[in-house]
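Novice: Residue numbers for the sequence shown follow my numbering, beginning at 305 and rising by one.
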Amino acid sequence: MYNSKAYSVASATSPFAHTTITRRDPTEQDVQIEILFCGICHSDLHQARNEWKDVMPTVYPCIPGHEIVGRVTKVGAAVTKFKPGDIAAVGCMVDSDGTCPECRAGLEQFCSNFTLTYNFPDKHLGGVTYGGYSDSIVVDQRFVLRVPANLNLAGAAPLLCAGITTYSPMRHWGVTKGKKVGVVGLGGLGHMGVKFAHAFGAHVVVFTTSPSKKDDAFRLGADEVVISRNADEMQKHAGSFDFILDAVAAEHDINAFINLLGRDGNLTMVGAPDKPLPVAVFGLIFKRRSFSGSPIGSIAETQEMLDFCGQHNITSDVEVIPIQKVDEAYERLIKSDVKYRFSIDMASLKSE
Ligand code: NAP
Ligand code: ZN
């Protein structure tokens, strides 16, 4: 075992503080990574503040972070995919059983025995896993991704969650040229959803509560922008969408968006508000619409997404911050004041 610097919270109401944790020495299949950048996902905030206590209660101290990009420092004897010096990335999962039908189908995100990057039982050291708000991490090579060389690393980090979480359902629901696609909520996930839907050739409509984001939405690839609090603007799109991706982190009226779907249209939730969202079933029955959810994506699909980003030069629009500003960043996330992802420069941890 060795020591690693990190930032943790001690309770749902505590600010972040510097701490020292232990990481395992790399075993045969492991890759040790010096973390260079880690994105801040709204899930980190939900988890750090125990907002998901009914589904995934938080174990403290909690060290979030699942949008990790870094440099390989050491590899185990059986590691073939990476060597020291390589740039590598880790997302939301660090392990799965590898034997269940989901894993055998290459869909680890549905494995009942997977291990998430933080706040999950740590099979190696006991306690819970600690995430990327840290200077180092050790991960089984099966869960380590390659980053195309042309991508800016601060902007590539958020691809590991915001990227794959929006890419995967769009692929699943057949977002292609000629489809009319809505993206609800222009935050970290939403802005990646806009970039992907645009790159896939769809007609993209952004729904935002923030009129100040309108110009950015067009720049990111939107063909139309709707201020979702304006009922008249919403009404113009009634019954017209093939697919809508909802990436809102808070309670909101989901029926207003379901009513915008056409026949057989689908609305997929990737946003994970802590409270239930009431659904008016007649909105589904008429026009045979469906309402579903989607978690991240598989490791193979995450690599496919990273390669797609390399080919199309897609990264997240980031505001790079030192780790000392993580509390401030969380407060800004709550106010929807992020353009469009915070990415922590882990060099800032060296001075602690
Ligand atoms: P974020 O950067 O904070 O973006 C959320 C956006 O939602 C805001 O920028 C805002 O966009 C909109 N919004 C916020 N409050 C709203 C309200 N009360 N009513 C309507 N719109 C509101 O968050 P994120 O990191 O993208 O994450 C979004 C959600 O996805 C979180 O709940 C997160 O936990 C979840 N998530 C799920 C997965 C998964 O696997 N399914 C993976 C990652 C994250 P506008 O200003 O444009 O309105
Ligand atoms: Zn995330």
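Ideal placement from N, C-alpha and C gives every residue a C-beta, glycine not left out.
Look at Ala510 and Val529 and say whether their C-beta atoms are less than 7 Å apart.
Specialist: Note that residue 510 corresponds to Val in the displayed sequence, not to Ala. Their beta carbons are under 7 Å apart, which means Val510 touches Val529 by this criterion.
Novice: Considering only C-alpha positions, which residue in the set Arg408, Gly597 and Asn559 is nearest to Phe586?
Specialist: The shortest C-alpha separation from Phe586 is found at Asn559.
Novice: Return yes when at least one heavy atom of the ligand NAP lies under 6 Å from the C-beta of Ser315, else no.
Specialist: Ser315: no, Cβ never under 6 Å from the ligand NAP.
Novice: Check Thr469 in the structure and name its three-state DSSP category.
Specialist: Three-state result, Thr469: helix.
Novice: Whole angstroms are fine: how far does the CA of Asn617 sit from the CA of Leu455?
Specialist: Near 7 Å, if we compare the C-alpha coordinates of Asn617 and Leu455.
Novice: If you check the beta carbons only, do Leu653 and Asp348 fall under 7 Å apart?
Specialist: Not a contact, by the Cβ cut-off of 7 Å.
Novice: Within 10 angstroms of the Cβ of Ile339, are there 16 or more other Cβ atoms? Answer buried if so, exposed if not.
Specialist: Buried is the call here.
Novice: Nearest by alpha-carbon distance to Tyr422: which of Ala553, Met360 and Asp329 is it?
Specialist: It is Met360.
Novice: Thinking Phe414 and Val373 are a contact (beta carbons under 8 Å), I'd like their distance in whole angstroms, please.
Specialist: With 8 Å as the limit, Phe414 and Val373 do not qualify as a contact, their Cβ atoms being about 25 Å apart.
Novice: Within the present structure, is the beta-carbon of Ser347 separated from the nearest heavy atom of the ligand ZN by less than 6 Å?
Specialist: At least one heavy atom of the ligand ZN is nearer than 6 Å to the Cβ of Ser347, so yes.
Novice: Since Cys396 contacts His370 with CB under 8 Å, what's their CB separation in whole angstroms?
Specialist: At roughly 4 Å, the Cβ-Cβ gap stays under 8 Å, so Cys396 and His370 are in contact.
Novice: Do you know offhand how far Gly486's Cα is from Leu457's?
Specialist: So the alpha carbons of these two residues sit roughly 28 Å apart.
Novice: From this set, Pro368, Lys579 and Ala551, which residue's C-alpha is nearest Met496's C-alpha?
Specialist: Residue Ala551 is the option with its Cα nearest to Met496.
Novice: Can you check the stretch 321 to 375 for any alpha helix (DSSP H) of at least 4 residues that lies completely inside it and give the ranges in chain order?
Specialist: Runs of the alpha helix (DSSP H) inside the stretch 321 to 375: 346 to 352.
Novice: For Glu623, which residues does DSSP report across the bridge?
Specialist: Answer by DSSP bridge pairing, in chain order: Phe646.
Novice: May I ask you to list the residues that DSSP assigns as paired with Phe547?
Specialist: DSSP lists Val485 and Asn570 as partners of Phe547.
Novice: Less than 6 Å between the CB of Cys342 and some heavy atom of the ligand ZN, yes or no?
Specialist: Checking every heavy atom of the ligand ZN against the Cβ of Cys342, none is found closer than 6 Å.
Novice: Within 10 angstroms of the Cβ of Asp473, are there 16 or more other Cβ atoms? Answer buried if so, exposed if not.
Specialist: Inspection of the sequence shows that residue 473 is occupied by Pro rather than by Asp. Burial call: buried.
Novice: Here's the rule: buried if 16 or more other CB atoms are within 10 angstroms of the residue's CB, otherwise exposed. What is Phe595?
Specialist: Flag for Phe595 reads buried.
Novice: Taking 7 Å as the limit between beta carbons, can you name the residues of its chain near Ala584, skipping five residues before and five after?
Specialist: These residues qualify, in order along the chain: Asn559.
Novice: By the 10 Å Cβ neighbour count, where 16 or more other Cβ atoms means buried, how is Gly431 classified, buried or exposed?
Specialist: Label assigned to Gly431: exposed.
Novice: Apart from the five residues on each side of it in sequence, which residues of its chain come closer than 6 Å, Cβ to Cβ, to Val622?
Specialist: Cβ within range, chain order: Ala458, Gly459, Arg645 and Ser647.
Novice: Starting from Ile618, trace the alpha helix (DSSP H) both ways and give me its first and last residue.
Specialist: First-last for Ile618: undefined, no H or E at that position.
Novice: Does the ligand NAP have a heavy atom nearer than 6 Å to the CB of Val498?
Specialist: Answer for Val498: no, Cβ out of range of the ligand NAP.
Novice: Return the bridge partner residues of Met305 from the DSSP annotation.
Specialist: The partner list for Met305 (beta bridge, DSSP) is empty, contrary to what the question assumes.
Novice: Is the CB-CB distance between Phe447 and Val379 below 7 Å?
Specialist: Not closer than 7 Å, so no.
Novice: If the criterion is Cβ atoms closer than 7 Å, does the pair Val394 and Ala352 meet it?
Specialist: Cβ distance not < 7 Å, so Val394 and Ala352 don't count as in contact.
Novice: Counting Cβ pairs, one atom from each stretch, are 3 or more of them under 8 Å apart for the stretch 517 to 524 and the stretch 562 to 569?
Specialist: No: fewer than three Cβ pairs fall under 8 Å.
Novice: Just the C-alpha distance for Ser602 and Phe386, rounded to the nearest angstrom, thanks.
Specialist: Spanning the two alpha carbons is a distance of roughly 19 Å.
Novice: Among Val442, Gly402 and Gly389, which one has its Cα closest to the Cα of Thr331?
Specialist: Answer by Cα proximity: Val442.
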